[in-house]
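Structure first, then comments.
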Amino acid sequence: MLKIENLHKSYGKTKAVDGISFELNQGEVLGLLGPNGAGKSTTIAMISTLLKPDQGRILFNGEDIQKSSKALKNNLGYVPQEIALYPTLTGMDNLVFWGRANQVNKKDLHKRIENVANIIGIKDRLKDKVETYSGGMKRRLNIGCAMLHNPSLMIFDEPTVGIDPQSRRHILDSIKDISDNGTTIIYTSHYMEEVEFLCSKILIIDRGKIIAGGTKDELVALTKIEKQVHLEITGNIENIADSINKLASVDSVTFSDNLIKVSMISNSTSYIEILTVVTDHDGKLLSMDIKEPDLEAVFLSLTGRELRD
Amino acid sequence: MINIILKDLKLIFSDRKALAIVLLMPIILTTILGFALANNFTTAGSSFIANIAVVKEYEKNIESERADEEVSRILSQYASGEINLDTDLLDPENILFKDFLDLEEVAKAINYQIVDMENANQLLSDKKVSAIVIIPENFIFDMYINFLTPFRNNISIKVVSHPDMPYTGRIIEGFFQSFSDIISASIISKNILLEEASRFDLTDSTFDLVNNLDFSTLVNSQITITDYTIEGKNPISSFMYYTAAMLSMFIFFSAGYAGKYMLHEHEYQTSMRLMSTNVKFSQIILSKFIMTTLLVITQSTVMILFSRFAFSVNWVSMPQVFVTILISALAVAAIGLLIIALTLKHNSYKVYDAFTSFIIQVFALLGGNFIPIEVMPGFIQTLSEYIPNGSILRIYVRILEGSNFSELIPLYLNLVLVSAVFIVSGTFMLRKEGRQNA
C-alpha cells in the first residue's frame, strides 16, 4: 500500500531524515518510535505531502505521490501533533468543515459525523465551541476530523501529547478500534507503551535513520537483554547505579528519583550481585520488580540513549 | 472552495471583538463626530446658519446729536448753505441691521440677537451662539462723519468666536469684512466726488447730493450671497461627511483581519492540515481575499443603511454607491493580500498590530478621515488622492454632492490602479511563501 524509498530531508546543514525506507501493507499499524528531533514528524510530513523530500520516493498503491498526490490525499486521514481545529467554532462546525474539506458528500456527512462523534465520545458537546473543551476532548475531536471520510491510511503524529491519562486511554482505544476495522495506520510517539499497545510493526528512528525495525519481540531479540530489574531504593542513587552498570551481567542502567532500571543480559544468578552492590553502598532496598524487557530498554540498548533524552 | 469561504465567514462573524471594531465603532464615531462638528459643516439640504449675539456699545441718540453738530460745523467750512442731517434717510444703525443683517440672503445664514455684553458672553460660553459681534462706541458718530464729511474715522467691529467653532467664527468675520468693504468703498467714492466737486466749484450742490444719498441701496446692491457649494452640488453635512469618512477608514480593519486570521491558520496548523487534503495553498489565500471583500461589503451596507435611517443621509445615486462599495472592497482585499503575505513572512502578529494601530491611523489623518482634507496643506491634499482611504472618501463625498459617473471614473481608475499594485506585490510574496510551504 505504501512504500518509502531512501527518503532524505535536510534543514540547512541539519539532516532531519537520512535515508529512511520501509513498506506498509493494508491493515498494518506501524509505530515510529524515537526521541524528540529523531525525524519522525519530518517523515510523516513528507508522507502527508506537506514537505517535499530532497531525495527518495513515496509510492502510494504504486503511484509516486510527487507526480500525483490526489489518490493519497483522498485516502489519507492526517492527525497533526497540534490541535488543528478552529477554537471559536463549535465541534459540529469543525466536523462539517473538515468533512467537506475531505470531500464527504453532503448527504452522508451528518450520518458520518454522528458515527465519528460516538467513536470519539463528544456527541453531547457538539454544539459547544471548541475553545470550551478540555484538552482531551480537543485531542479526540482532532482525531475525529480526520476520520470522517473513512480514510484507508491514517497518520497520527503524537496524538496524546499533554493530556490526562483517562483521555489518553480513550484516544488509544479509539485508534485501536480504527485499526481493527482494517485501516492502515502510521503512529508516532515517544511513549513506548502506546506503540507497544497499538502497533504490529515498529521502527526505531534516531538522528534521521532507522536503527531497527520489526515486531516488539523481534526488536527485543536484536538485543542481548533477558530481563529488566526495577529497584526502588534510598541512598546514593548515582553511585549505586554507576556500580551496578559495571557488573558483567548488566547491559545498561538508567535512574531517576529513587528508581533504578537495570537491563540484564544473563540469568537470575546475577540478581544477588545487584543486591550486594546496593548494600555495599549503604542503600536501602524498598522494592524490586523483575520484568520482561520493554521498547525503552531496547532503544537504550541500541542507541545508548534514553527515549525521552 | 465555498466550504472554506463559509468557514472564514463563520470565524469572522463569531468574533465579537472584530465585529465591534468593523461594524460598531464606525457607527459610534460617526454619531459622535457628526454631532460634535455639526457647526463646522453645512446642514443637509440647507445653507449654513450661524447664531450670533450683537452687542451695541454706542449710544445712538447722543452720538446722532453730536454728529449733527459736528457735521454742520465741518460742512459750514466747505459750503455756504445750511445743511441739516436727515436721520431717516441716513441712519447708520439701519444700514447695519435693516440693510445688512436683515437682508434676505444674509438672514438665511446669520441669526442675530441684540444683547448686552454679559449676556453675550454667557450665550457664547453655553455655545448658544457661535460668535459675539461688538459694534463699538462712536459707531453712529463715526459713520455720519465718514458718510457726510471729507474726513474718515476708523471703525473697528470686533468678532469674538468660540474656540470650538473656529470655522463658523471665520465665516462671520467674512460677512462683516464684506460689510466693512462696501461701506469703505462708498466713503471713498463720496470723498472722490467731493474733491472733484470742489475743483469745479460745485461744493454746495454736491454736499446737498451726498446728504440725500440713500446709502442703503449701496449695501443692498453689493451684498449678494452665492451658494457655498459648487453650482449643482449638494451641501455636505457633518453626518454625511463622517459617515463617508468613518466608512472609508474602518473598512481597512478588515484587511488587518485577513492577515490575523491567516496567521491563526498557520499557528493552529489548520492551513497545513488543509493542505494534506486536496485543498491548495492558493485556495486558502483566495478564501481570505473573498472573506475580506464580503466583510467590506457588509460593513459598507450597514453604514450606508444606518446613515440613511439614523441621520437621513441622502446617498443620491445607489448605483454609484454600489459600484463604489465593490471597488473599495476590492481595494481593501488587495491590501489584505499584502498583509497576509507580510504576516506569513514575519510569522508574527506585529504586522497586524502595526497596520491597525499605526498605519490605518496615519492614513486616516492624511486621507481626511478625521479632519476634512480641505483644511490640510496642499501636499497632503495631493498625497491623499493616492492613499486608498483618501481616494474612497473622495468618491463617497462626490456621490453625496451629486456628481455624475463620468466625474467619478478618474477616482475609480486611481483606486483600481492602487489595488492592482497591492494584488501584484501580495501575490508575488505569497508565491514565494507558497513555494516554501510546498
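Residue numbers (the working numbering), protein chains in the order written: chain A, 1 to 309; chain B, 1001 to 1438.
Using N, Cα and C, we set each Cβ at its ideal position, and we do this for glycine too.
Predicted model only: the values in this text are computed from it and were never measured.
Legend entry - Among Glu1401/B, Phe1370/B, Phe1253/B, nearest to Ser1328/B - alpha-carbon criterion: Phe1253/B
Inset, instruction - Starting from the C-beta of Phe1289/B, find all residues in its chain whose C-beta is less than 7 Å away, skip the five residues before and the five after it, and write them out in chain order. - result: Ala1333, Gly1336, Leu1337
Inset, instruction - Pick helix, strand or coil for Gln1283/B, following the three-state DSSP scheme. - result: The answer is helix: DSSP assigns Gln1283/B an H, G or I state.
Inset, instruction - Determine whether the Cβ of Ala84/A lies closer than 8 Å to any Cβ atom of chain B. - result: yes
Legend entry - is_contact[Gln103/A, chain B] using C-beta, thresh 8 Å: The beta carbon of Gln103/A sits closer than 8 Å to some beta carbon of chain B.
Inset, instruction - Would you grab the beta carbon distance between Ser301/A and Asp251/A for me? Rounded to a whole angstrom, and I think it's under 8 Å. - result: Indeed, because the Cβ distance is near 6 Å, the residues count as touching under 8 Å.
Inset, instruction - Give the single residue among Gly77/A, Asp294/A, Thr215/A whose Cα lies nearest to the Cα of Glu226/A. - result: With distances taken between Cα atoms, Glu226/A lies closest to Asp294/A.
Inset, instruction - Please work out which residues of its chain come closer than 8 Å, Cβ to Cβ, to Gly136/A, disregarding the five sequence neighbours upstream and downstream, and give them in chain order. - result: Ile163, Asp164, Gln166, Ser167, Arg168, His170, Ile171
Inset, instruction - Measure the Cβ-Cβ separation of Val29/A and Ser179/A and say whether it is below 8 Å. - result: yes
Legend entry - Nearest-angstrom Cα separation, counted from Thr184/A out to Met154/A: 6 Å
Inset, instruction - Name, please, each residue of chain B whose Cβ falls closer than 8 Å to the Cβ of Thr49/A. - result: Met1275, Ser1276
Inset, instruction - Could you pull the start and end residues of the alpha helix (DSSP H) that Ala1329/B belongs to? - result: 1318 to 1346
Legend entry - Nearest candidate by alpha-carbon position, reference Cys74/A, set Leu1274/B, Thr1293/B, Gly1259/B: Position check: residue 74/A holds Asn in this sequence, whereas Cys was assumed. Here the closest residue by C-alpha is Leu1274/B.
Legend entry - Neighbour-count burial assignment, Glu1063/B, 16 or more Cβ in a 10 Å radius: Flag for Glu1063/B reads buried.
Legend entry - Boundaries (first-last residue) of the alpha helix (DSSP H) holding Ile240/A: From DSSP, the alpha helix (DSSP H) with Ile240/A extends over 237 to 245.
Legend entry - Short Cβ contact (8 Å threshold) for Val130/A with Leu219/A: no
Inset, instruction - Ignore the nearest five residues each way along the sequence and tell me which others in Phe1440/B's own chain have a CB closer than 6 Å to its CB. - result: Given a span of 1001 to 1438 for chain B in the structure shown, any question on residue 1440/B remains unanswerable.
Inset, instruction - Give the single residue among Lys261/A, Arg207/A, Leu222/A whose Cα lies nearest to the Cα of Gly214/A. - result: Leu222/A
Legend entry - Val1022/B at chain A interface by Cβ criterion, 8 Å: no
Legend entry - Identity of the residue in Thr49/A, Ser152/A, Ile122/A, Ile143/A nearest Phe1281/B by Cα: Thr49/A
Legend entry - Anticipated Cβ contact below 8 Å, Glu1057/B with Glu1137/B, distance rounded: 5 Å
Inset, instruction - Compare the C-beta of Ala1438/B against all C-beta atoms of chain A and say whether one is closer than 8 Å. - result: For Ala1438/B, the predicted model reports a pLDDT of 41, less than 50, meaning its position is unreliable; a value from the coordinates is still stated below. Judged by the 8 Å Cβ criterion, Ala1438/B is in contact with chain A.
Legend entry - Burial state of Tyr1352/B (16 or more Cβ within 10 Å): buried
Legend entry - C-beta atoms of Phe1100/B and Phe1179/B nearer than 8 Å: yes
Legend entry - His170/A, enclosing alpha helix (DSSP H) - first and last residue: 165 to 180
Legend entry - Runs of beta strand (DSSP E) wholly within the stretch 89 to 162 of chain A (minimum 3 residues, chain order): Listed in chain order, the complete beta strand (DSSP E) runs (minimum 3 residues) inside the stretch 89 to 162 of chain A are 153 to 157.
Legend entry - Beta-carbon proximity check, Leu7/A vs Met46/A, cutoff 8 Å: Here Leu7/A is near Met46/A, since their CB atoms are less than 8 Å apart.
Legend entry - Closest residue to Ile175/A among Met147/A, Tyr191/A, Val161/A (Cα-Cα distance): Met147/A
Inset, instruction - Kindly indicate which three-state DSSP category Phe60/A falls into: helix, strand or coil? - result: strand
Legend entry - Given 8 Å, three or more beta-carbon pairs between the stretch 1393 to 1409 of chain B and the stretch 1319 to 1326 of chain B: yes
Legend entry - Residue range of the beta strand (DSSP E) that includes Ile205/A: 201 to 206
Legend entry - Whether Ser1248/B touches Ile1392/B by CB criterion (8 Å): yes
Legend entry - the stretch 51 to 65 of chain A in contact with the stretch 92 to 109 of chain A per 3-pair CB rule at 8 Å: Because the criterion of three Cβ pairs below 8 Å is not met, the stretch 51 to 65 of chain A and the stretch 92 to 109 of chain A do not touch.
Legend entry - Reduced DSSP category for Met264/A - H, G, I as helix; E, B as strand; rest coil: Strand, per DSSP.
Inset, instruction - Alpha carbon to alpha carbon, how far is Ser1287/B from Asp1008/B? Give it in angstroms, no decimals. - result: Cα-Cα distance, rounded: 7 Å.
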